[in-house]
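Engineer: My questions will all concern the structure given below.
Numbering (the numbering used here), first residue to last: 3 to 307.
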């Protein structure tokens, strides 16, 4: 089996961050990313880039991190107890985009690589990542385009890959205390090592490279949709669900905090504004009601077409 090439993975991730930042700046026209380079005392660091209060994007963060250490954070060792006593490296690119217009969905993506080593054993490594879409006002065409692009990212790797990772995404991005999905799903995968390094790395690249064609056409289609205070307030209310998931359940948030990562970079996934309203219920039959009744229910959007 081909041994993992950490340098090659890191080079791809740096390039992906650069490409996605350039794409969003070109789409926004006025917003620019600010970069903060940071170091972690225990080993490693990263470069965080955040665009704030642009024309299209209220906030967008695209972060690269590469951290390493002598022992695993609890978020990793609890899932993989066989890795106790190994040193580790973890690297990845993660992004979260919160647009101004409530008709443009929030979106999240990440791709990551992890390797744990000790002198007397073969390294244990895996890839993970995915992308998912969180609309405030749902459109069937957007959901179908999103999932068709996700399926295209998986297609070269087998017909079973998209259905499996689509299902995993639906299961992962679920708020159990609310009994609802965070959004309309996409792809989620983790612990990917069974294809060998080269093929697993190629799949991770395919997921990273397909985010732009999945998301940008939706932004371009919806960014000029007129909206008012009602739609803005609903967007802020639904952003509260995003906060709840990221703080209570997200593995990446837990790993970042436990590994001593940069707090500002970890929490850049949170929206700049959100609100909670006790006992809110949307008007039956309204577009706000349709979000939960139609869109926040796992379904096969491609079969629906």
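The beta carbon of each residue, even a glycine, is placed where N, CA and C say it ideally should be.
Can you give me the Cβ contacts of residue 47 inside the same chain, cut-off strictly under 6 Å, excluding the 5 residues immediately before and after it?
Structural biologist: 40 and 41
Engineer: Please determine if the stretch 157-172 and the stretch 79-96 are in contact, where contact requires at least 3 C-beta pairs separated by less than 8 Å.
Structural biologist: no
Engineer: Does the distance from the C-beta atom of residue 137 to that of residue 185 stay below 8 Å?
Structural biologist: yes
Engineer: Exposed or buried, what is residue 127 when buried is set at 16 or more other beta-carbons lying within 10 Å of its beta-carbon?
Structural biologist: For residue 127, the number of other beta carbons within 10 angstroms of its own is at least 16, and it is reported as buried.
Engineer: In whole angstroms, what separates the C-alpha of residue 203 from that of residue 180?
Structural biologist: For residue 203 and residue 180, the distance between alpha carbons rounds to 35 Å.
Engineer: Just list the beta strand (DSSP E) runs in the stretch 176-210, keeping only unbroken ones of 3 residues or longer that don't cross its boundaries, in chain order.
Structural biologist: 187-194
Engineer: Any contact between the stretch 101-109 and the stretch 51-64? By contact I mean 3 or more CB pairs, one from each, below 8 Å.
Structural biologist: yes
Engineer: With residue 248 as the anchor, note down where its beta strand (DSSP E) starts and where it stops.
Structural biologist: That residue, residue 248, is in no beta strand (DSSP E); its alpha helix (DSSP H) goes 231-250.
Engineer: On the DSSP letters alone, give me the boundaries of the beta strand (DSSP E) that residue 95 sits inside.
Structural biologist: 89-101
Engineer: Residues in the same chain with beta-carbon distance under 8 Å from residue 255, minus the five sequence neighbours each way, listed in chain order, please.
Structural biologist: 248, 249, 268, 269 and 271
Engineer: When DSSP labels each residue in this structure, what does residue 148 get in the three-state scheme?
Structural biologist: Reduced to three states, the DSSP call for residue 148 is helix.
Engineer: Rounded C-beta distance between residue 171 and residue 195? I'm assuming under 8 Å.
Structural biologist: About 19 Å separates the beta carbon of residue 171 from that of residue 195, a gap too long to meet the 8 Å contact definition.
Engineer: If we call anything under 8 Å between Cβ atoms a contact, is residue 157 one with residue 188?
Structural biologist: no
Engineer: Report, in whole angstroms, the separation of the C-beta atoms of residue 220 and residue 278, which I expect to be a contact under 8 Å.
Structural biologist: Contact check for residue 220 and residue 278: beta-carbon distance about 27 Å, past the 8 Å limit, so the pair fails to qualify.
Engineer: DSSP state of residue 40, grouped into three classes?
Structural biologist: Residue 40 falls in the strand class under three-state DSSP.
Engineer: Candidates 74, 52 and 33: which alpha carbon is nearest residue 45's?
Structural biologist: 74
Engineer: What is the DSSP secondary structure of residue 143, reduced to helix, strand or coil?
Structural biologist: helix
Engineer: Can you check whether the CB of residue 155 is closer than 8 Å to the CB of residue 208?
Structural biologist: yes
Engineer: Assuming contact is defined by CB atoms lying nearer than 8 Å, are residue 258 and residue 191 in contact in what I supplied?
Structural biologist: no
Engineer: Just how far apart, CA to CA, sit residue 71 and residue 86?
Structural biologist: 12 Å
Engineer: Alpha carbon to alpha carbon, how far is residue 285 from residue 276?
Structural biologist: 21 Å
Engineer: Pull the bridge partners of residue 170 from the DSSP assignment, please.
Structural biologist: Note: residue 170 sits in no beta bridge, so no partner.
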